[in-house]
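When the letters of the sequence shown are read in order and numbered with numbering that gives the first Met the number 0, they come out as residues 0 to 726. A virtual CB, placed ideally from N, CA and C, is assigned to each residue, including glycine. All figures in this text were calculated on a predicted structure; none of them were measured in a lab.
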Amino acid sequence: MYLALLVIFLQCSELSAQERVFTFNTVEIQVKPSVKVKNGAPMSIVCHADISKSTDFQLKHNFTIFKNGKLVFMTVTDKGDAQYDIPATRSSDTGDYECTVEAGRKTKSSNSLHVRVTGMTKPILTAEKKEVLEGEVVKLRCELPEEEPPLHFFFQKIKMNSTPKEKHVFEPYRNFSVVEFSVEEGDNILQFDCFGGRNVNLELEKSEHSNKTLVTVREPFIKPTLSAKPSSNITEGDRIQFECLTVVARMRDIEIILQKNRTILKSVRDEKHLKYSTVATLEDSGEYLCKVEQGRASKTTKLNVVVSELFPKPILVASMKNLDENKELTFSCSINGFRKANFSVFRKNSNGDLWLKNSRNLTMRVSVNDTGSYFCKAEVKGIVKESKPVGINVFAPVSKPTLSVLGGLPEVVLGKTLQLVCRSATGTPPITFTFYKGNEVKEIVINDTYATFLDENIRQDDKRGYKCETKNNHSSGMKTSNILNVTVIVPIRNASLGSIPYGEVEDGSETTFLCSVKEGSWPIHFRFFRKSDHEVLMFEKSENADRVMWHKEAMSRQDTGTYYCMASNRANVDVKSQPITISVILASWQKGIIAAFVLLPLAGAAALTLWWFLCKKKKAKGPSLEMSGSALATNLKSEKLAGQHNDGDYYSGSGYIEDSENHMKATDESKAKVQDSASRNANFLSSFMQRAPVQKGTETLYSEIRKANNDSVENRHSRIQGHLDTT
Numbered sequence: 000m001y002l003a004l005l006v007i008f009l010q011c012s013e014l015s016a017q018e019r020v021f022t023f024n025t026v027e028i029q030v031k032p033s034v035k036v037k038n039g040a041p042m043s044i045v046c047h048a049d050i051s052k053s054t055d056f057q058l059k060h061n062f063t064i065f066k067n068g069k070l071v072f073m074t075v076t077d078k079g080d081a082q083y084d085i086p087a088t089r090s091s092d093t094g095d096y097e098c099t100v101e102a103g104r105k106t107k108s109s110n111s112l113h114v115r116v117t118g119m120t121k122p123i124l125t126a127e128k129k130e131v132l133e134g135e136v137v138k139l140r141c142e143l144p145e146e147e148p149p150l151h152f153f154f155q156k157i158k159m160n161s162t163p164k165e166k167h168v169f170e171p172y173r174n175f176s177v178v179e180f181s182v183e184e185g186d187n188i189l190q191f192d193c194f195g196g197r198n199v200n201l202e203l204e205k206s207e208h209s210n211k212t213l214v215t216v217r218e219p220f221i222k223p224t225l226s227a228k229p230s231s232n233i234t235e236g237d238r239i240q241f242e243c244l245t246v247v248a249r250m251r252d253i254e255i256i257l258q259k260n261r262t263i264l265k266s267v268r269d270e271k272h273l274k275y276s277t278v279a280t281l282e283d284s285g286e287y288l289c290k291v292e293q294g295r296a297s298k299t300t301k302l303n304v305v306v307s308e309l310f311p312k313p314i315l316v317a318s319m320k321n322l323d324e325n326k327e328l329t330f331s332c333s334i335n336g337f338r339k340a341n342f343s344v345f346r347k348n349s350n351g352d353l354w355l356k357n358s359r360n361l362t363m364r365v366s367v368n369d370t371g372s373y374f375c376k377a378e379v380k381g382i383v384k385e386s387k388p389v390g391i392n393v394f395a396p397v398s399k400p401t402l403s404v405l406g407g408l409p410e411v412v413l414g415k416t417l418q419l420v421c422r423s424a425t426g427t428p429p430i431t432f433t434f435y436k437g438n439e440v441k442e443i444v445i446n447d448t449y450a451t452f453l454d455e456n457i458r459q460d461d462k463r464g465y466k467c468e469t470k471n472n473h474s475s476g477m478k479t480s481n482i483l484n485v486t487v488i489v490p491i492r493n494a495s496l497g498s499i500p501y502g503e504v505e506d507g508s509e510t511t512f513l514c515s516v517k518e519g520s521w522p523i524h525f526r527f528f529r530k531s532d533h534e535v536l537m538f539e540k541s542e543n544a545d546r547v548m549w550h551k552e553a554m555s556r557q558d559t560g561t562y563y564c565m566a567s568n569r570a571n572v573d574v575k576s577q578p579i580t581i582s583v584i585l586a587s588w589q590k591g592i593i594a595a596f597v598l599l600p601l602a603g604a605a606a607l608t609l610w611w612f613l614c615k616k617k618k619a620k621g622p623s624l625e626m627s628g629s630a631l632a633t634n635l636k637s638e639k640l641a642g643q644h645n646d647g648d649y650y651s652g653s654g655y656i657e658d659s660e661n662h663m664k665a666t667d668e669s670k671a672k673v674q675d676s677a678s679r680n681a682n683f684l685s686s687f688m689q690r691a692p693v694q695k696g697t698e699t700l701y702s703e704i705r706k707a708n709n710d711s712v713e714n715r716h717s718r719i720q721g722h723l724d725t726t
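Here is the structure:
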């Protein structure tokens with residue numbers, strides 16, 4: 000039973016839930032009467048929700064209306080419509096409107112709708128004072144009471160027969176603004192108005208103009224009068240007096256100023272008049288201005304004054320402007336058509352003008368220190384005028400110039416730049432320097448005390464005589480230096496090294512090295528080096544020649560190595576030769592000694608072995624063989640005596656013959672090497688003498704080298720032949 004009731008209840012609940020189903024079809028927003036209304040007209044925003052329901056049941060709707068994303072209206076109703084009424088629209092109501100409906104946990108929004116309210120309310124303008132003085136300010140207040148900020152306010156000051164002056168103020172947080180306008184000279188009856196504005200879609204929506212407000216202006220003082228006595232047209236030397244007058248309402252803070260060309264001549268305070276006098280000069284001609292100030296108010300009056308010239312400026316004349324020292328110079332100061340004046344002659348100086356003489360004329364004997372600028376002054380009736388300056392140049396003669404090479408010695412490396420300096424110890428600048436190479440003018444330079452010349456085209460066959468000339472404005476004319484002869488240094492080129500013997504040298508024998516260069520200026524510094532484990536300087540010498548010999552008397556095994564030479568001169572460039580290799584070998588007699596020390600012990604050992612063998616054989620045969628042994632001994636003795644004529648006959652057989660053949664073969668090879676070395680050195684000397692000029696006396700030296708070489712070869716041959724004979 001209970002189960003049946005539960006089933007019935009669940010089914011009823013399910014039917015009830017199915018009956019309260021609803022859905023939003025659309026949500027729409029509308030504006031009445033239209034989306035564009037005039038300022039002050041009524042407007043209604045209507046939001047309508049179109050909903051479909053399963054049955055007819057009550058549903059609460061939450062309506063929300065937004066303007067530009069901000070909430071402006073909200074209501075809850077069971078109806079499908081909601082309305083937001085604005086009785087009198089303002090420009091601030093312009094914007095994008097949107098409504099949202101929420102019901103039963105479901106929400107739907109309408110599209111956005113733009114509403115434009117045209118026009119703004121008329122602003123209200125008020126002035127703090129209706130009557131003001133010149134120099135004071137008018138304070139104005141413009142208000143848009145029914146408009147919401149942010150707002151723009153525009154104020155206008157209107158004066159008869161002039162363009163209105165306008166001020167603009169932006170008010171982001173209030174609907175009114177306050178400004179001040181200053182009252183200037185000439186303002187009498189002023190009108191003011193204002194209007195407002197608002198930015199709508201990047202455009203300024205303007206209101207109509209406010210009511211016009213009138214302000215009356217009163218003068219605190221009258222415009223001043225300015226006069227000059229005796230008149231505005233006077234002559235230099237006369238006294239002129241200026242007077243400036245005004246009428247003021249109150250004396251407090253009144254100020255009168257007299258000025259000319261922005262220069263204030265005199266001023267007074269709390270007085271109605273100003274007086275100023277001076278002795279007139281030509282510089283006093285011009286426009287004068289009298290200005291009266293009180294607070295912000297000011298009024299001015301102008302007066303033009305012409306001062307006639309009493310006498311013209313004096314003229315200073317010099318007998319000469321450029322002259323030699325110790326010459327006589329005369330100055331004369333004068334005024335055209337005017338002689339009654341006091342004259343003075345001066346010289347300009349950085350520490351103040353130097354007075355020379357109170358006179359129309361001045362004569363002086365000048366020195367170089369008198370070079371400068373001179374002028375004269377003339378005075379009539381207290382008026383002093385100054386002449387234009389006259390420049391005087393006094394010249395001392397140039398001394399004989401000296402010409403030298405910058406850096407010291409009169410020499411230059413071939414291909415380098417030669418820099419010459421010409422200098423005169425005395426002489427008034429500017430000085431003209433002329434450089435010559437031979438008789439050809441190379442360069443002209445104008446300078447104060449010295450000048451330089453660069454000769455970048457140095458050749459070996461150049462005319463190396465240089466000179467320079469100097470002159471200035473002195474009448475003595477031109478001075479010429481001594482001729483400077485410059486030595487051209489030719490750098491070293493192509494160093495070569497040779498030796499006698501060449502290649503292999505016997506221990507203890509003599510060796511001669513020859514280092515030569517193809518080109519280079521004397522003296523030449525030669526250095527010989529040997530390089531084995533490290534480089535060693537063996538010999539050095541400076542010669543006024545293009546070659547040098549180094550004779551080493553006895554070579555040793557330590558002298559084996561690579562040899563080269565280096566040559567240099569004043570061009571400071573080291574030139575290195577190609578290296579040659581020298582090997583020091585054993586001499587022939589050293590080989591003989593070594594052979595003797597090796598063969599003699601072997602011969603002794605063989606003799607002892609033979610003796611031992613014979614003795615043993617003799618003991619074995621006994622006494623019966625003593626006679627025969629004696630005979631054998633006698634024969635051996637005689638053979639030995641016969642063999643003493645030739646050393647080494649202790650050995651016989653194939654071993655001796657083979658050793659002799661090997662020794663003969665080695666001797667032949669040594670002889671061939673010596674002959675080859677002699678031939679190569681002879682060729683080296685021959686070719687060197689052909690390509691390089693030989694200094695006097697050198698030919699004898701080479702002949703001695705050849706002779707020494709031939710003797711050395713013959714001695715070797717004789718030694719080898721003797722050794723072969725003994726062998």
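Worksheet entry | Residues near P490 by beta carbon distance below 6 Å, same chain, minus five either side | For the purposes of this step, residue 490 is taken as the residue at position 491 of the sequence shown. So the qualifying residues of the chain are A570, V572.
Worksheet item: Can you tell me where the beta strand (DSSP E) with M363 in it begins and where it stops?
Response: By 1-based counting over the sequence shown, the position of residue 363 is 364. DSSP places M363 inside the beta strand (DSSP E), whose first and last residues are 360-364.
Fill in: Helix, strand or coil at I593 [DSSP, three-state]
Here residue 593 corresponds to residue number 594 of the sequence shown, with the count starting at 1. Reduced to three states, the DSSP call for I593 is helix.
Worksheet item: Quick one: any contact between the region 111-122 and the region 195-204, if contact means 3 or more CB pairs under 8 Å?
Response: Look at the beta carbons and you see the region 111-122 touching the region 195-204: at least three pairs across the two are nearer than 8 Å.
Item to complete: Measure the CB-CB distance between T469 and F525 and report whether it falls below 8 Å.
Response: As a first step, residue 469 must be located in the sequence shown, where it is residue number 470. As a first step, residue 525 must be located in the sequence shown, where it is residue number 526. The answer is no: Cβ separation not under 8 Å.
Item to complete: Give a yes or no on contact between the region 464-482 and the region 430-448, applying the rule of three or more CB pairs nearer than 8 Å.
Response: Touching, yes, given that three or more Cβ pairs across the two stretches are closer than 8 Å.
Worksheet entry | Burial state of N38 (16 or more Cβ within 10 Å) | Taking the sequence shown and counting its residues from 1, one reaches residue 38 at position 39. Flag for N38 reads buried.
Fill in: Residue range of the unbroken beta strand (DSSP E) whose run includes W354
Here residue 354 refers to the residue found at position 355 when the sequence shown is read from its first residue. Taken as a continuous stretch (DSSP letters only), the beta strand (DSSP E) holding W354 covers 353-356.
Discussion item. So, for M0: in the same chain, excluding its five sequence neighbours on each side, which residues have a beta-carbon less than 7 Å away from its beta-carbon?
Written reply: On the sequence shown, position 1 is the one that residue 0 refers to. Since pLDDT at M0 reaches only 45, below the 50 mark, its modelled position is unreliable, and no value is offered.
Worksheet item: What's the C-alpha gap between A81 and K205?
Response: Indexing the sequence shown from 1 puts residue 81 at position 82. Indexing the sequence shown from 1 puts residue 205 at position 206. Approximately 33 Å between the Cα atoms of the pair.
Worksheet entry | Cross-strand partners of L496 (DSSP beta bridge) | By one-based count along the sequence shown, residue 496 stands at place 497. C514, per the DSSP bridge assignment.
Fill in: Per DSSP, cross-strand counterpart(s) of F525
Within the sequence shown, residue 525 is the residue found at index 526, counting from 1. K540, A566.
Discussion item. Taking DSSP's pairing of strands, which residues face C243 in a bridge?
Written reply: Locating residue 243 in the sequence shown gives position 244, counting from the first residue. The partner list for C243 (beta bridge, DSSP) reads L225, L273.
Worksheet item: Would you call the CB atoms of V304 and S231 closer than 8 Å?
Response: As a first step, residue 304 must be located in the sequence shown, where it is residue number 305. As a first step, residue 231 must be located in the sequence shown, where it is residue number 232. In contact: V304 and S231 (Cβ atoms closer than 8 Å).
Fill in: Neighbourhood of A102 by C-beta, 6 Å cutoff - its chain only, sequence neighbours within 5 removed
As a position in the sequence shown, residue 102 is number 103, starting the count at 1. L58, H60, listed in sequence order.
Discussion item. Beta-carbon within less than 7 Å of L70's beta-carbon, same chain only, minus the 5 sequence neighbours each way: which residues are those?
Written reply: The sequence position of residue 70 within the sequence shown is 71, counting from 1. Setting aside the 5 residues that flank it on each side, L70 is surrounded in the same chain by T63, each with a C-beta closer than 7 Å to its C-beta; the list follows chain order.
Fill in: E184 and V137 closer than 8 Å at C-beta
For the purposes of this step, residue 184 is taken as the residue at position 185 of the sequence shown. For the purposes of this step, residue 137 is taken as the residue at position 138 of the sequence shown. No, they are not a contact pair.
Discussion item. Helix, strand or coil for D460? Go by DSSP, reduced to three states.
Written reply: On the sequence shown, position 461 is the one that residue 460 refers to. If DSSP states are grouped into helix, strand and coil, D460 belongs with coil.
Practice prompt. Measure the C-alpha to C-alpha separation of V168 and V291 and round it to an integer number of angstroms.
Written response: Against the sequence shown, residue 168 aligns to sequence position 169. Against the sequence shown, residue 291 aligns to sequence position 292. Using only the alpha carbons, I get a separation of about 33 Å.
Item to complete: Measure the alpha-carbon distance for V306 versus E270 and round it to whole angstroms.
Response: Position 307 of the sequence shown, counted from the start, is the residue given in the question as residue 306. Position 271 of the sequence shown, counted from the start, is the residue given in the question as residue 270. Cα to Cα, the separation comes out at about 29 Å.
Worksheet item: Bridge partners of A604, per DSSP?
Response: What you label residue 604 is simply residue 605 of the sequence shown in a count that begins at 1. None, per the DSSP bridge assignment.
Discussion item. Mapping the DSSP letters down to three states, classify F310 as helix, strand or coil.
Written reply: Residue mapping note: residue 310 aligns to position 311 of the sequence shown, counting from 1. Correct three-state label for F310: coil.
Discussion item. Suppose the cutoff is 6 Å on Cβ atoms and the five residues either side in sequence are ignored; what does the same chain contact list for V383 look like?
Written reply: Position 384 of the sequence shown, counted from the first residue, corresponds to residue 383. A distance below 6 Å between beta-carbons, with the five flanking residues on each side excluded, links V383 to the following residues of its chain, in chain order: K376.
Discussion item. Suppose you measure from the CA of G476 to the CA of L417; what does that come to, to the nearest Å?
Written reply: The sequence position of residue 476 within the sequence shown is 477, counting from 1. The sequence position of residue 417 within the sequence shown is 418, counting from 1. Rounded to whole angstroms, the separation of the alpha carbons of L417 and G476 is 28 Å.
Fill in: Nearest-angstrom Cα separation, counted from S582 out to E503
Taking the first residue of the sequence shown as 1, we reach residue 503 at position 504. Taking the first residue of the sequence shown as 1, we reach residue 582 at position 583. So the two alpha carbons sit approximately 5 Å from each other.
Discussion item. According to DSSP, K376 sits in a beta bridge with which residue or residues?
Written reply: Along the sequence shown, one-based indexing puts residue 376 at 377. Per DSSP, the beta-bridge partners of K376 are S343, E385.
Worksheet item: Measuring CA to CA, which of F612, I50, L322, I314 is closest to S343?
Response: Numbered from its first residue, the sequence shown carries residue 343 at position 344. Considering only alpha carbons, the answer is I314.
Fill in: Sequence-distant residues of the same chain with beta carbon closer than 6 Å to S531, five excluded per side
Residue 531 sits at position 532 when you count from the first residue of the sequence shown. Cβ neighbours of S531 within its own chain (closer than 6 Å, five residues either side excluded): G560.
Fill in: Under the three-state DSSP convention, the category E282 falls into
On the sequence shown, residue 282 is found 283 positions in, with the first residue counted as 1. Per DSSP, reduced to three states, the secondary structure at E282 is helical.
Discussion item. Please report the distance separating the alpha-carbon of P122 from that of L302.
Written reply: Translated into positions along the sequence shown, residue 122 becomes position 123. Translated into positions along the sequence shown, residue 302 becomes position 303. Counting only the Cα atoms, L302 lies some 48 Å from P122.
Practice prompt. Give the C-beta separation of T486 and E439 to the nearest angstrom, bearing in mind that I take them to be a contact with Cβ-Cβ under 8 Å.
Written response: Position 487 of the sequence shown holds residue 486. Position 440 of the sequence shown holds residue 439. Contact between T486 and E439 is ruled out by a C-beta separation of about 20 Å, above the 8 Å threshold.
Practice prompt. Measure the alpha-carbon distance for S546 versus R556 and round it to whole angstroms.
Written response: By one-based count along the sequence shown, residue 546 stands at place 547. By one-based count along the sequence shown, residue 556 stands at place 557. For clarity, residue 546 is Arg in the given sequence; the question names Ser instead. If I take the Cα positions, the gap works out to 27 Å.
Worksheet item: First and last residue of the beta strand (DSSP E) that includes K164?
Response: Here residue 164 corresponds to residue number 165 of the sequence shown, with the count starting at 1. Where K164 is concerned, the enclosing beta strand (DSSP E) stretches over 164-170.
Worksheet item: Based on Cα-Cα distance, which residue from K339, T370, Q29 lies nearest to N321?
Response: The residue labelled residue 321 in the question sits at position 322 within the sequence shown. Checked all of K339, T370, Q29; the closest Cα to N321 is T370.
Worksheet item: With K298 and V214 assumed to form a contact (beta carbons below 8 Å), what rounded beta-carbon distance in angstroms separates them?
Response: Indexing the sequence shown from 1 puts residue 298 at position 299. Indexing the sequence shown from 1 puts residue 214 at position 215. Going by Cβ atoms, the distance from K298 to V214 rounds to 20 Å, so no, they are not a contact pair.
Discussion item. Counting only C-beta atoms, is V420 closer than 8 Å to chain B at any point?
Written reply: In the structure shown, chain B cannot be found, because there is only a single protein chain.
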